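Mind the numbering: the sequence shown is residues 19 to 68 in the numbering used here, read in order.
Each residue gets a CB set at the ideal place from its N, CA and C atoms; glycine is no exception.
None of these values were measured; they are calculated from a predicted model.
One structure below.
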Amino acid sequence: TGARGLRSIVESALLDAMFEVPARPEVGKVILTAEVIDKGEKVQFVNCPR
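Below you can see the structure in the form of structure tokens.
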């Protein structure tokens with residue numbers, strides 16, 4: 019519960035992204051939505067402009 023519970027939820031949702039983003043230098047942002055948390059959808063990657 020509380021802050022530790024929230025941290026655990028966010029870390030679980032971002033786990034795949036934490037390993038995928040370093041291999042994708044074009045990614046500038048990772049968007050975490052309520053659907054990612056509630057429905058298990060994938061996070062969105064936004065490419066940074068060059």
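- For Lys-60, the three-state secondary structure derived from DSSP is coil.
- By the Cβ criterion, the segment 38 to 49 is not in contact with the segment 20 to 28, since fewer than three pairs of Cβ atoms, one from each stretch, lie closer than 8 Å.
- The beta carbon of Gly-46 sits closer than 7 Å to the beta carbons of Val-64, Asn-65 and Cys-66 from its chain, once the five residues preceding and following it are set aside; these are given in chain order.
- Along the length of the segment 23 to 62, whole alpha helix (DSSP H) runs at least 4 residues long occupy 52 to 57, reported in chain order.
- A residue is called buried when at least 16 other Cβ atoms come within 10 angstroms of its Cβ; Ala-35 meets this threshold and is buried.
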